[in-house]
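*Asks:* These protein sequence lines are chains D and V, in that order.
Per this note's numbering, the first sequence starts with residue 7, numbered consecutively.
Per this note's numbering, the second sequence starts with residue 5, numbered consecutively.
C-beta atoms are modelled at their ideal positions from N, C-alpha and C, and glycine is treated no differently.
This structure is a prediction, so every number in the text was calculated from the model and none was measured.
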Amino acid sequence: MTLMWILLLPLLGTLVPLLAAKWNRSACALATALPPAIALMLVLVHTEPVLSGETVRFFLSWIPLLGLDISIRLDGLAYLFSLLILGIGLLIILYARYYLSERDSMPRFYAYLMLFMTAMLGIVLSGNLLQLWMFWELTSISSFLLISFWWHKAEARRGARMALTVTGAGGLALLAAFLLIGQVVGSYDLDVVLASTDVIQQHSWYPILLVLFLLGCFTKSAQFPFHFWLPNAMAAPTPVSAYLHSATMVKAGIFLLARFYPALSGTELWFILVSLTGLTTLLIGAYLALFKHDLKGLLAYSTISHLGLITLLFGMGTDLAAVAGVFHIINHATFKASLFMAAGIIDHESGSRDMRKLNGLWQFMPITATLAMVAAAAMAGVPLLNGFLSKEMFFAETLHQHLLGSLSWVIPVLATVAAIFSVAYSMRFIHDVFFNGQPKGLTKTPHEPPRYMRVPVEVLVALCILVGIFPAYLIGDLLHAASASVLGGTVPEYSLAIWHGFNLPLMMSILALAGGTLIYVNRKHLFDFQNTLPDMDALNSFEGGVKALIARCDQFYQWLDNGSLQRYMVLVLLAFIVLAGMPLLELDTLWGGRDELPIDAVNATGAAMLLIAAFATVVWHRKRVVALLMISVVGLMVSIAFTRFSAPDLALTQLSVEVVTVILLMLALFFLPHKTPKQSEAPRVVRDISIASMVGVLVGSLSYGLMTRPLNSISEFFLANAKTGGGGTNVVNVILVDFRGFDTMGEIAVLGIASLGIFKLLTRIPVFKPSSDGEGRPWATERHSLLLSTVSQSLLPLAVMVSVYIFFRGHNLPGGGFIAGLITAVAIILQYIAQGVDWVKERMNVEYQRVVAVGLLIALFTGVGSWVFGRPFLTSWFDYFDIPLLGTIELASAIAFDLGVYITVVGSTLLILASLGKMTTSHRPVHKDTI
Amino acid sequence: METLFACCIGFLTACGVFLMLRGRTFPVVLGLTMLSYAVNLFIFSSGRLTLRGAAVLGTSEQYADPLPQALVLTAIVIGFAMTAFLVILAIRARADLGNDHVDGKLPESEMSKKESR
Chain D
7 MTLMWILLLP LLGTLVPLLA AKWNRSACAL ATALPPAIAL MLVLVHTEPV
57 LSGETVRFFL SWIPLLGLDI SIRLDGLAYL FSLLILGIGL LIILYARYYL
107 SERDSMPRFY AYLMLFMTAM LGIVLSGNLL QLWMFWELTS ISSFLLISFW
157 WHKAEARRGA RMALTVTGAG GLALLAAFLL IGQVVGSYDL DVVLASTDVI
207 QQHSWYPILL VLFLLGCFTK SAQFPFHFWL PNAMAAPTPV SAYLHSATMV
257 KAGIFLLARF YPALSGTELW FILVSLTGLT TLLIGAYLAL FKHDLKGLLA
307 YSTISHLGLI TLLFGMGTDL AAVAGVFHII NHATFKASLF MAAGIIDHES
357 GSRDMRKLNG LWQFMPITAT LAMVAAAAMA GVPLLNGFLS KEMFFAETLH
407 QHLLGSLSWV IPVLATVAAI FSVAYSMRFI HDVFFNGQPK GLTKTPHEPP
457 RYMRVPVEVL VALCILVGIF PAYLIGDLLH AASASVLGGT VPEYSLAIWH
507 GFNLPLMMSI LALAGGTLIY VNRKHLFDFQ NTLPDMDALN SFEGGVKALI
557 ARCDQFYQWL DNGSLQRYMV LVLLAFIVLA GMPLLELDTL WGGRDELPID
607 AVNATGAAML LIAAFATVVW HRKRVVALLM ISVVGLMVSI AFTRFSAPDL
657 ALTQLSVEVV TVILLMLALF FLPHKTPKQS EAPRVVRDIS IASMVGVLVG
707 SLSYGLMTRP LNSISEFFLA NAKTGGGGTN VVNVILVDFR GFDTMGEIAV
757 LGIASLGIFK LLTRIPVFKP SSDGEGRPWA TERHSLLLST VSQSLLPLAV
807 MVSVYIFFRG HNLPGGGFIA GLITAVAIIL QYIAQGVDWV KERMNVEYQR
857 VVAVGLLIAL FTGVGSWVFG RPFLTSWFDY FDIPLLGTIE LASAIAFDLG
907 VYITVVGSTL LILASLGKMT TSHRPVHKDT I
Chain V
5 METLFACCIG FLTACGVFLM LRGRTFPVVL GLTMLSYAVN LFIFSSGRLT
55 LRGAAVLGTS EQYADPLPQA LVLTAIVIGF AMTAFLVILA IRARADLGND
105 HVDGKLPESE MSKKESR
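Next comes the structure, spelled out in structure tokens:
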């Protein structure tokens with residue numbers, strides 16, 4: 007559990023500075039430093055087991071089905087990184103206290119910083135791949151917030167966006183890699199993955215997942231060709247640069263290389279990709295760093311170059327190289343963080359970071375200058391400092407590798423070249439800033455910083471020196487433990503001594519120092535040469551690329567989404583044709599082995615009528631009334647088909663719905679044109695006919711294939727349990743009100759919502775009064791047919807009686823709430839048609855939306871009622887009662903549910919039709935003399 | 005019989021799709037209605053065709069599959085609700101926009117014809 011707190015404390019720590027915002031700055035900084043300080047102690051508590059090679063774990067099952075667990079593991083590597091993150095983090099908190107001005111919101115800065123710290127700790131402590139990825143993304147987001155901390159500056163916003171785009175894209179690649187690894191290994195647990203080296207490397211996906219994985223690492227660690235975001239991220243406040251862009255976040259990619267070293271490395275592909283990327287980055291970074299006039303720009307490129315060096319070490323494939331890589335991670339973090347902080351002090355106290363203006367600062371800030379010089383010397387690899395040791399190991403390893411076959415000698419040569427430039431830019435940092443004449447054009451006189459602002463630099467520089475002089479004593483155990491977890495247990499023999507005798511690596515170091523000095527002295531020629539090269543602005547070209555991409559997407563989107571529904575319909579149908587057609591092409595035959603029923607005369611006649619009516623609808627679709635009549639014939643034939651094929655309930659429903667639909671469409675035609683103008687040109691008609699035929703052929707084929715396959719249905723259950731479990735013999739009805747009652751509940755809710763929607767659509771509709779039909783004939787003036795009104799009045803009680811009968815028998819014989827509801831609705835609509843809205847309203851003044859609500863509530867409460875008896879929602883209940891005179895009667899709770907259905911159907915249908923019908927009446931021209 | 009049934013479904017679908025591709029709202033509504041007939045028949049037929057076997061217990065030896073029937077029954081009612089909603093939407097659109105084209109505006113070819121008149 008203490009492991010969990012290492013993560014939780016910084017997370018809770020994000021709130022601390024916000025709560026402490028009202029206190030003075032020092033108190034706020036102190037309060038902020040408290041949680042990470044405790045977390046650091048918690049890490050240190052585990053020193054003994056970890057250094058002796060143990061892995062401390064904490065596990066909490068979270069979503070095991072997805073392979074997602076909360077898993078924290080602390081091994082040597084994680085321990086090393088936790089120390090760096092928390093230790094340097096604490097120094098940064100102290101430093102930022104003095105660095106940020108009164109105008110900056112310090113609590114906000116600290117909150118972002120703590121969020122970042124949590125994310126970073128999450129990465130190094132994760133024992134689950136998905137969890138690790140989540141924290142990985144969190145670092146991208148929190149670093150975005152930190153880089154854009156000075157959001158009022160355009161370059162900060164642009165730099166932050168670029169960093170987020172590049173690292174975010176890399177994050178997606180990493181997610182893909184993790185998912186692939188999870189698929190290959192069958193687990194997202196880090197321990198399992200690390201133990202599955204052979205499974206992963208022999209899998210055919212290995213090249214893909216490795217490339218995706220490396221994309222994630224390289225974007226984060228600013229490796230060539232993704233290095234361009236790092237210099238632009240220097241728009242961030244300097245504490246952020248020191249923390250994220252030298253010590254921690256950019257090391258996250260390298261951390262992953264180290265973390266997955268046992269599982270992924272050792273193949274030819276790994277060597278080539280990792281080492282060549284590292285080598286290229288090392289050279290480009292070292293070379294470009296020399297030409298940057300901005301202090302932080304120089305440090306940024308130097309960071310890129312050192313990250314390349316570490317990557318190269320991990321790509322070499324020897325165990326010793328990996329040890330050297332881990333060692334250089336520690337050393338680089340210490341000297342680079344202190345250099346960034348020194349640069350921040352210089353900027354803060356002299357008002358500029360431009361090395362063309364900054365000169366001769368030695369006389370103004372001798373202590374800072376000394377510290378910076380020591381750190382820069384460590385960066386250059388001067389003996390007795392930590393940078394020298396890891397660089398020696400690096401040189402030694404370049405001599406031992408055989409990456410490029412007979413051309414392998416190139417690598418040590420190029421490594422020396424890079425080291426020469428490294429010495430040159432380090433010298434520039436020292437000489438150009440602290441000596442080399444007098445400052446030019448500074449806005450303020452430089453001076454030493456506040457006492458405590460220098461403390462973090464002093465601590466780190468002291469570490470540089472101490473590690474440089476007593477390496478084995480100070481960090482021998484730590485390095486051993488961390489290397490052990492990178493290499494999977496066995497660590498090769500190595501010696502952390504300063505003096506290894508006169509050997510080739512020492513020669514290379516001496517050559518680098520001499521060559522670097524030479525280049526720096528003659529830098530003018532090199533600068534002149536560099537100035538003749540075209541200036542490359544990564545930010546502008548990157549943003550240009552993004553803009554072009556957006557414009558291209560926009561174009562595509564405009565083409566695809568041009569606002570025409572007709573066109574969308576065509577696209578959807580074409581997609582259907584392709585998606586449904588492809589699998590059918592692979593099928594040998596449609597017939598599924600089931601014998602067909604014989605065709606009799608009745609069926610053949612019915613089918614013929616259906617086809618003719620459908621065809622007539624299409625042919626006459628521009629004469630709308632005729633088309634409406636034709637389509638009603640189709641509906642009629644469909645309901646006959648239901649009767650014929652043993653679905654009496656469906657037939658009854660279809661028939662009553664048909665009546666309601668035709669009335670509705672007739673009413674609608676009052677408001678719509680009665681004829682469709684001829685508009686489609688011949689090519690379009692041909693196109694539409696082709697699409698329609700193709701869809702028809704596909705659906706017909708699917709249907710044939712489905713019907714001729716043997717039936718394997720779950721309906722046996724319903725048939726067997728309808729009577730015993732649901733208390734009814736009409737299985738369809740029992741399914742509706744009992745087995746699948748919850749579905750029905752949803753469906754009547756949809757019905758109710760649709761009718762309410764219609765009601766709302768029709769209120770306050772702009773007045774639109776057609777005074778005549780489509781051919782200019784005025785509407786009939788007699789209001790209501792006498793015959794119809796007489797008949798309809800006498801029909802009403804009869805119809806209601808029929809619907810009651812249909813309703814009650816529904817549980818055992820065809821019928822039920824849906825059908826009864828529709829019959830009742832039709833009977834009432836007939837009154838509207840025969841007598842008019844006003845007449846009905848006088849006699850039956852009901853608000854149908856209330857009826858809908860009552861119906862839905864009845865259905866709902868019937869369902870909830872079963873809770874009272876401790877049964878699940880909508881469990882139905884039934885029993886038989888002996889009632890004198892009437893005999894045995896069955897009462898079922900399902901009847902109440904069906905009643906809800908009935909009332910909802912009546913209410914919705916009437917709400918729809920009456921709302922529409924009312925409008926035709928109000929717009930009807932009134933002829934006073936006929937009333 | 006199955007062949008004929010499948011042909012009917014296919015033909016209804018084709019007619020429905022053709023009507024749905026028209027430009028004015030009313031034919032589109034007719035097309036959707038037609039398509040919903042086809043879809044209902046399709047789902048119904050997934051329980052296979054059975055003669056004289058209504059799923060009322062005690063009335064026959066071999067029962068038709070009741071499950072697709074129950075599904076189609078609610079589908080018919082909801083289909084009605086959706087048709088109604090669509091029709092009212094069409095009416096509202098015509099009242100608000102002044103035309104009954106599905107895109108909400110007449111195609112350019114037609115506009116120019118109107119202007120030249």
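1) Judging by CA-CA distance, which residue of D/A330, D/L916, D/G93, D/Y908 is the nearest neighbour of D/A39?
2) With a cut-off of 8 Å, does the C-beta of V/L101 fall near any C-beta of chain D?
3) Grab the span of the beta strand (DSSP E) containing D/D534 for me, first residue to last.
4) Would V/R121 pass as an interface residue toward chain D - the criterion being a Cβ-Cβ separation below 8 Å?
5) Going residue by residue through the segment 797 to 876 of chain D, where are the continuous alpha helix (DSSP H) segments of at least 4 residues, counting only ones entirely within it?
6) Since D/I311 contacts D/L282 with CB under 8 Å, what's their CB separation in whole angstroms?
7) Under DSSP, the alpha helix (DSSP H) around D/R103 begins and ends at which residues?
8) What do you get for D/V246, buried or exposed, if any count of 16 or more other CB atoms within 10 angstroms of its CB means buried?
9) Please list, in chain order, the chain D residues whose beta carbon lies closer than 8 Å to that of V/L77.
10) So, at 6 Å on beta carbons, what are the nonlocal neighbours of D/G323 in its own chain, with the 5 sequence-adjacent residues on each side left out?
11) With distance defined between alpha-carbon atoms, name the residue in D/C223, D/L200, D/L221, D/L186 nearest to D/Y212.
12) Helix, strand or coil, according to DSSP, for D/N238 in the structure here?
13) Among D/V797, D/A160, D/A831, D/S791, which has the Cα closest to the Cα of D/A808?
14) Can you list the residues of chain V that D/Y710 reaches, using a CB-CB cut of under 7 Å?
15) Any C-beta of chain V sitting closer than 8 Å to the C-beta of D/P589?
16) Is D/H251 helix, strand or coil by DSSP?
17) Per DSSP, D/I78 is paired with what?
18) Where does D/I901 fall in DSSP's three states?
19) Out of curiosity, what's the CA-to-CA distance linking D/T936 and V/V33?
20) Would you verify that the beta carbon of V/L61 is, or is not, closer than 8 Å to some beta carbon of chain D?
21) Based on the DSSP secondary-structure assignment, which residues constitute the bridge partners of D/N736?
22) Could you spell out the range, first to last residue, of the alpha helix (DSSP H) harbouring D/T649?
23) Closer than 8 Å, Cβ to any Cβ of chain V: which residues of the segment 746 to 769 of chain D, in chain order?
24) For chain D, check one thing: does any of its Cβ atoms lie closer than 8 Å to the Cβ of V/L36?
25) In its own chain, which residues sit with a C-beta less than 6 Å from the C-beta of D/S344, not counting the 5 before and 5 after it?
26) Could you tell me whether the Cβ of D/L678 comes closer than 8 Å to any Cβ of chain V?
27) Give the range of the alpha helix (DSSP H) segment to which D/S32 is assigned.
28) Below 8 Å on the Cβ atoms is my guess for V/V81 versus D/L757; work out the distance and round it to an integer in Å.
29) Report the neighbours of D/I918 on chain V: residues whose CB is nearer than 8 Å to its CB, in chain order.
30) Once the 5 residues before and after D/G906 are set aside, which same chain residues still bring their CB inside 6 Å of it?
31) I'd like the span of the alpha helix (DSSP H) that includes D/Y574, first residue to last.
32) To the nearest angstrom, report how far apart D/L74 and D/L50 are at their CA atoms.
33) Alpha carbon to alpha carbon, how far is D/T611 from D/I605? Give it in angstroms, no decimals.
34) Can you tell me which of the three DSSP states D/D694 falls into?
35) Output the boundary residues of the alpha helix (DSSP H) element that contains D/G551.
36) In chain V, which residues lie less than 9 Å from D/P604 when you measure between Cβ atoms?
*Replies:* On the basis of the coordinates in this document:
1) D/G93
2) no
3) Where D/D534 is concerned, there is no enclosing beta strand (DSSP E), although the alpha helix (DSSP H) it sits in stretches over 529 to 538.
4) Because V/R121 sits at a pLDDT of 49, beneath the cut-off of 50, its placement in the model cannot be relied upon, and the point is left open.
5) 823 to 841, 843 to 849, 854 to 874
6) Rather than Ile, the amino acid found at residue 311 of chain D in this sequence is Ser. Rounded, the Cβ-Cβ distance is 15 Å, inconsistent with contact.
7) 82 to 105
8) buried
9) D655, L656, T659, V738, L742, F824
10) F277
11) D/L186
12) helix
13) Residue identity differs from the one stated: residue 808 of chain D is Val in this sequence, not Ala. D/V808 has its Cα closest to that of D/A831, out of D/V797, D/A160, D/A831, D/S791.
14) E6, T7, A10
15) no
16) helix
17) D/F64, D/S132
18) helix
19) Confidence at D/T936 is low in this model, with a pLDDT of 39, below 50, so its placement is unreliable and the value that follows should be read with caution. The alpha-carbon atoms of D/T936 and V/V33 are separated by roughly 36 Å.
20) yes
21) V/V60
22) 630 to 650
23) R746, D749, T750, E753, V756, L757, A760, S761, G763, I764, L767, L768
24) no
25) A381, V463, L466, V467
26) yes
27) 31 to 51
28) 6 Å
29) A85, A88, I92
30) G861, I864, A865
31) 571 to 591
32) 28 Å
33) 10 Å
34) helix
35) 544 to 566
36) M5
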